[in-house]
Each structure stands twice: as C-alpha cells, then as structure tokens.
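Here is the structure we will look at, set down as structure tokens.
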Amino acid sequence: MVDFGGWDMPVEYSGLIAEHMAVRTGVGVFDVSHMGDIQLRGPGSLGAVQHISMNDAARLQVGQAQYSAMLYPEGTFVDDIIVHKFSENDYLFVINAGTREKDYEWVRAQARAFDCHVNDYSDYYTQLAIQGPRAQETLQKLTNADLSKVKFYWFTWGTVCGLPNTLVARTGYTGEDGFEIYVPSDEATSERVWNEVMAAGAEFGILPCGLGARNTLRLEAALSLYGHEISESINVFEAGLDRFCKLEKGSFLGSSALRGVLSGGGPSRKLVGLEVVERGIARDGYRVFDLSGNAIGSVTSGSPAPFLKKNIALAYVPRSFAEVGTEVAVEIRNNPVKAVVVPIPFYKKPKKAAQS
Amino acid sequence: MAYPTNYRYTREHEWIEASGKTGTVGITEHAQDSLGDIVFVELPRVGEKVEKGKVFGSVESVKAVSDLYSPATGTVTAVNEELTSAPEKINADAHAAWIMKIELSDPSEIDALLTAADYEAYAKEETGH
C-alpha cells in the first residue's frame, strides 16, 4: 500500500501487467474513491462553472459530461476536472485526490460572486471505475439502466446493485470504454458493490486494478496527470489541451493570459510523446537532450507500456523539437538513449462496430 | 516462499550461493515481490570486476528501477543471458533465476552476509508485516 493523497492505495493487486491487459482486452475494476466530488447548485451555477473552468459548459446537455480544467489567472492549472451537468442549475466537478482541499477552496472562493452553493461531497461517495471492452456487459448485469443508450462522456441514473438513483457515467481514465459509478461510501455498501462487480465480471476475467495499472493505462492513452503533465507552472497550450479550452466562450479565469500566449506566438515548449528506440526505460523526471548533448527538457511520465510493449514517455521539449519524427536522447542512468517523437495518444481504443 | 538456507543475503536484497571460489548471485523473493513485473535486467559483462557493496547492474519493473549491489568482490565469469529476453523468470522463481556468477576474490567475505533467517526477519521489518 502507498500513501496517495492521504489514501492507502494498492499499487497492484495480482500484478500490474495482468491488470493492465485485463482492461485492454476484457474488464478491470478500480477503486477510485480518492477522487473528489464538488457540486455547484443554484441559479448562478452555470455562470460560476463558466468562470472557473476552461471548457464551455453552456454546450452541455443534462446528462452530459465534459473534460475540463480549472486555471489560475496565469493560464496554468489548478487541476483538471470532469464537469457533469445534472440539471440546469446543478453541476458536479470530479477532481483529483491530491488537490482536493486546494480545489474546494478555489471553487468556493471563485464562485462567491455567483448565486451558487458549493458543496464538497467527496466523503459521501465510493467511486468505482469499471473499465475495458467488457465493462458494459459486466455492469449491465447489475443495473436496470440501459447502458447501451449511454454514450461516451454521458451519464445516467439507475438502480445499481439494488441502490436506487446511482450515478453511472461512461467516463474513465484508461483510454478504454468503461463506466464510473458513485455509490454510498459506507464500508458495507462499498464492499458489497465491489464484490458484485467482481462476480459479474468473472466470466470476462475481471481483475481488480491498482494505481500502477491506472498510471500505465492513462499513459498509453496520453491522459494528463496533475503534478506531471499539468501543474501550476504549465499552461494549457504547452500541455496540448487546446481542444478543451474554449476561449471563444468569453472571459474566464486564465483566458486573458492564454490570449496573451497566443498573441505572443504560442507556447515555447510543448508536451510530446516519446518512444525510446534504443534499449532503456525513460522514467518520470529524466532529462531530455538534443543529439548534440544539450539539455532541452524533461520527462513528465515514462514507463514500459504493457499493451504496446514499447518504452514510452511524455516530455516537455522546445517547440522546435516537437515535430513527429524528431530524434532526441533521454538520459537514462547517466547514458543518453535515443528516443523519437511520436504522435499521441500512443494507444487508441479500436473502433467498435456500430451499436444497435 | 522459503529462503534457501545455503544462500547468504544482503540488506540490498541480493542472494549469493557460494561454492568454493564461485558465487552465484540473484535477487530475493522479497525484492521481486516489491518490484512487481520485471521487464528489464541490465547485466554486467563477463570479465568485469565487481566490488562488494557496489552496483553491478540494475533490474527494472514496470513501476520502478532498482540497482543491483554485489554481495562480494570478484570477477564476472558468466551472466544469465536468458534474462535479457525473459526477465519475468525472476518473478517466477527469484531464487533460481540467477543473474551473474563471479569468481570470488575472498570467499570469507560471504560469512559476513545475512543468513536466511536473519534476512527473512530483516525483510519483514522493512515491509512492516
């Protein structure tokens, strides 16, 4: 067990690679109760959400969710979040564990000017992520909600394991299809639901998955992790999250700084995907050099990729090195090891046949 | 898994089986269990000198990299090339999947290393269970 934002979390259960492969080829379940839940309610809630988060929540329909982020006025990250629209005046932010107190204080302070109540419901919910190509079949056994009708990044409410009005969202952090469910956090209920999910997934070879697989899965999908790819010193354009940032929606926290970055010619560094082509594993914090030996950047996340069977990394490099195909070197245990810039995400889930 | 009593152990989680002037070195069950799925082993070269307590290679799992420390001083006489293509053999049986064989400069160095019982107690203490 490791301490993760104050939570005792298993890094792995049966083994990281097996857990990773279960999610890519079958189904896996993660206890992600460490994620925080902040609800914004009231007539001013949309205004608050629009002010605090960079994506355009006005485009959300009831039952829809979007990836977004909260920014400092400098255009750098407070945290990345998922915004769910429960109703016209009711929104839920799902936030990271490590930043929970900071996020809650931030949302409360920034929402003060709006007619909006802010509540931290993090302790009320156990959040389970059921992920993988067999996730729908697994969860469908346990709920009356018709999961085939729930599109990616939409959610519904249904009875799950006998628990009425349970939030079931088609979201995740694995690059795979899957669901996240929010059930009451008391130990008996959490344990019962966990066991029922395990039993429902048994025929698909379901495995409980730990933080280790969660990290390698999200890395293959090039999903950002706070404190690595995004932080208070990295801006939206550097992180390559432009498509989730809607400057055209009007003024919001961070927007004027970001407009300044654009008018100044864009970011000077970019997040890129690297594939290590010589023997070696790039890891978090390792330095990146050009082929003449000049230090140009550093790895934010690096690992062997269990499904792709390559050694991959995300790294910040100057924009002149960001083009796909550019050769660089990662300093691995004092040796420069050749790597090449490759497109991200490293892994994309295969397109499914049209659902009936 | 039991720790073979004919091996000696280091606090850095290597084992050595000494037989006359030859020492066979690997990592312990506790080490492989802590590391998880091993994906890469950096072996020393045959003929290389290794020194007691000094790094002679590394072993990497998906989640971490760990240096290998030589339990004794000597010269590398063989390396387990099989681990290059099948590093997971260490996970399967850490006490059989040897990493290197060395010709010991001073076989009496081995006596100062931990016995199986001492190591087992040490490993338990380290993990807190």
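Those sequence lines, one after another, are chains G and L. So in numbering that gives the first Met the number 0, spot 275 of the first sequence is number 274, and the numbers just go up one at a time. So in numbering that gives the first Met the number 0, spot 114 of the second sequence is number 113, and the numbers just go up one at a time. All C-beta atoms in this analysis are idealised placements derived from N, C-alpha and C, irrespective of residue type, glycine included.
- Counting along the chain, G/Ala134 sits inside the alpha helix (DSSP H) bounded by residues 134-139.
- The beta carbon of G/Glu277 is closer than 6 Å to those of Val336, Lys337 in its chain, skipping five residues each way along the sequence.
- Contact of L/Asp36 with chain G is assigned, a C-beta pair being separated by under 9 Å.
- Ranked by Cα distance from L/Lys123, the first of L/Glu80, L/Thr27, L/Leu67, L/Thr23 is L/Thr27.
- Contact annotation for G/Glu11 against chain L: Gly35 [CB-CB distance below 7 Å, chain order].
- Here DSSP, grouped into helix, strand and coil, assigns G/Ile51 to helix.
- The CB of G/Ser302 comes closer than 7 Å to the CB of Val61 in chain L, given here in chain order.
- Per the coordinates, the alpha-carbon of L/Glu59 lies some 12 Å from the alpha-carbon of L/Leu82.
- For G/Ile16, the three-state secondary structure derived from DSSP is helix.
- When rounded, the separation of the alpha-carbon atoms in G/Phe113 and G/Asp145 is 36 Å.
- Classified as exposed, L/Lys53 has fewer than 16 neighbouring CB atoms from the shown chains inside 10 Å of its CB.
- For the C-beta of L/Phe39, the chain G residues within less than 7 Å are, from N- to C-terminus, Ile280.
- A distance below 7 Å between beta-carbons, with the five flanking residues on each side excluded, links G/Pro303 to the following residues of its chain, in chain order: Ile280, Asn310.
- At least 9 Å separates the beta-carbon of G/Ala221 from that of G/Ala64.
- The Cβ atoms of G/Thr142 and G/Thr125 lie no closer than 9 Å to each other.
- Around the beta carbon of L/Ala95, a 10 Å sphere encloses fewer than 16 other beta carbons of the protein chains shown; the residue is thus reported as exposed.
- For L/Gly73, the CB contacts under 7 Å within the same chain, skipping 5 residues up- and downstream, are Gly22, Val49, Ile101, Glu102, Leu103, Ser104 in chain order.
- G/Thr24 carries a helical assignment under DSSP once its states are collapsed to helix, strand and coil.
- Note that the region 101-117 of chain G touches the region 69-84 of chain G; at least 3 beta-carbon pairs, one per stretch, sit closer than 8 Å.
- For the region 74-99 of chain G, the set of positions with a beta-carbon nearer than 9 Å to some beta-carbon of chain L is empty.
- The Cβ atoms of G/Gly174 and G/Tyr346 lie closer than 9 Å to each other.
- Only Val64 from the region 64-88 of chain L bring a Cβ to less than 7 Å from some Cβ of chain G.
- G/Ile205 has a beta carbon lying at 9 Å or more from every beta carbon in chain L.
- Contact between the region 149-158 of chain G and the region 214-233 of chain G is absent: fewer than three C-beta pairs spanning the two stretches fall below 8 Å.
- If only uninterrupted beta strand (DSSP E) runs of at least 3 residues are considered, those enclosed by the region 314-351 of chain G are 326-331, 334-341.
- The region 236-253 of chain G and the region 285-295 of chain G do not touch, with fewer than 3 CB-CB distances between them shorter than 8 Å.
- According to the DSSP assignment, G/Tyr66 belongs to the beta strand (DSSP E) that extends over 64-70.
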